[in-house]
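J.: Once you've had a glance at the structure underneath, I'll fire off some questions.
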Amino acid sequence: QKEVEQDPGPLSVPEGAIVSLNCTYSNSAFQYFMWYRQYSRKGPELLMYTYSSGNKEDGRFTAQVDKSSKYISLFIRDSQPSDSATYLCAMSGGGNNRLAFGKGNQVVVIP
Amino acid sequence: DAGITQSPRHKVTETGTPVTLRCHQTENHRYMYWYRQDPGHGLRLIHYSYGVKDTDKGEVSDGYSVSRSKTEDFLLTLESATSSQTSVYFCAIRSGQEKNIQYFGAGTRLSVL
Chain A
1 QKEVEQDPGP LSVPEGAIVS LNCTYSNSAF QYFMWYRQYS RKGPELLMYT
51 YSSGNKEDGR FTAQVDKSSK YISLFIRDSQ PSDSATYLCA MSGGGNNRLA
101 FGKGNQVVVI P
Chain B
112 DAGITQSPRH KVTETGTPVT LRCHQTENHR YMYWYRQDPG HGLRLIHYSY
162 GVKDTDKGEV SDGYSVSRSK TEDFLLTLES ATSSQTSVYF CAIRSGQEKN
212 IQYFGAGTRL SVL
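These protein sequence lines are chains A and B, in that order. Everything in the first sequence is counted per the working numbering, starting at 1 for the first residue and increasing by one. Everything in the second sequence is counted per the working numbering, starting at 112 for the first residue and increasing by one.
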């Protein structure tokens with residue numbers, strides 16, 4: 001079993017729809033949970049991070065962490081064509097110097 | 112871009128030749144990382160450094176070596192490039208001791224023919 005599982009998609013939605021992305025993980029030591037956005041031929045950029053369980057909101061983006069289920073989610077409200085990108089989840093914890101990444105989920109928002 | 116510069120941005124080379132990629136940071140971060148990104152595999156850690164002359168292997172370190180003689184520079188070397196090393200290479204720095212939030216450079220696109 002991989003440490004982090006993320007359905008690679010792709011996911012196509014019409015403009016204005018809610019985008020829902022998620023990752024599951026197996027290491028209960030993870031405490032920091034991140035979402036990165038990567039545009040085509042660019043480096044990953046940090047979108048949001050959360051510590052432990054709970055929700056975090058930033059504009060149209062909401063990140064949720066459920067440590068009991070080992071499940072994290074990213075929601076994008078009122079999606080825009082500019083949200084078309086690959087979204088990667090990542091997590092760390094337990095004193096490990098490394099990040100564990102999902103494989104990324106490609107999102108296409110159709111105007 | 113968190114003060115990270117990767118060079119070169121693009122390189123085409125031939126099998127068997129040595130290749131060195133450079134990552135330069137301007138913010139005195141202790142930890143630096145090299146990843147490769149391939150379709151179907153996502154980001155995979157090659158090597159990382161936790162200080163000058165202090166490095167450790169990642170999950171795909173075979174065929175790669177690294178060096179860090181100064182805080183600001185982390186070099187990735189392919190001693191004898193192979194076609195399987197055709198990939199996009201990203202450097203990252205770590206922000207914060209506990210959080211391990213990483214910020215990435217723009218990447219180097221390497222083609223080995």
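Cβ atoms here follow ideal geometry from the backbone N, Cα and C, with glycine treated the same way.
My assumption, with CB atoms under 8 Å, is that residue 67(A) sits in contact with residue 52(A). Please give the rounded CB distance.
T.: Going by Cβ atoms, the distance from residue 67(A) to residue 52(A) rounds to 7 Å, so yes, they are a contact pair.
J.: What residues in its chain sit with their C-beta under 7 Å from that of residue 21(A), if we drop five residues either side in the sequence?
T.: 73, 74, 87 and 105
J.: Quick check: is the beta carbon of residue 114(B) nearer than 8 Å to any beta carbon in chain A?
T.: Chain A, which has no Cβ nearer than 8 Å to the Cβ of residue 114(B), makes this no.
J.: Would you mind stating whether residue 223(B) and residue 131(B) have Cβ atoms separated by less than 8 Å?
T.: no
J.: Run through chain A and tell me which residues come within less than 8 Å of residue 204(B), C-beta to C-beta.
T.: By Cβ distance, chain A contributes nothing, its closest Cβ being about 12 Å from residue 204(B), past 8 Å.
J.: Grab me the residues of residue 44(A)'s own chain with a C-beta within less than 8 Å of its C-beta, minus the 5 sequence neighbours each way, in chain order.
T.: 36, 37, 38 and 88
J.: If you follow the beta strand (DSSP E) that residue 175(B) is part of, which residue opens it and which one closes it?
T.: 175-181
J.: Check whether chain B comes within 8 Å of residue 44(A), counting only Cβ atoms and requiring the distance to be less than that.
T.: yes
J.: Looking only at C-alpha atoms, which of 91(A), 48(A), 96(A) and 80(A) sits nearest to residue 12(A)?
T.: 80(A)
J.: State whether the stretch 194-202 of chain B contacts the stretch 26-34 of chain A, with contact taken as three or more CB pairs (one from each stretch) at a distance under 8 Å.
T.: no
J.: Give the C-beta separation of residue 101(A) and residue 153(B) to the nearest angstrom, bearing in mind that I take them to be a contact with Cβ-Cβ under 8 Å.
T.: 5 Å
J.: Along chain B, in chain order, which residues have C-beta atoms closer than 7 Å to that of residue 101(A)?
T.: What residue 101(A) touches in chain B: 153 and 154.
J.: From the DSSP secondary-structure annotation, give me the bridge partner or partners of residue 61(A).
T.: 58(A) and 76(A)
J.: What's the gap between the Cα of residue 138(B) and the Cα of residue 3(A)?
T.: 31 Å
J.: List the whole-angstrom C-beta distance separating residue 198(B) from residue 188(B), where the pair is believed to meet the contact cut-off of C-beta under 8 Å.
T.: About 15 Å; that fails the 8 Å criterion.
J.: Can you list the residues of chain A that residue 139(B) reaches, using a CB-CB cut of under 9 Å?
T.: The contacting residues do not exist; residue 139(B) stays about 18 Å from chain A at best.
J.: Please check if any C-beta of chain B sits within less than 8 Å of the C-beta of residue 12(A).
T.: no
J.: At a Cβ cut of 9 Å, what residues of the stretch 157-191 of chain B count as close to chain A, listed as they run along the chain?
T.: 159, 161, 167, 169 and 170
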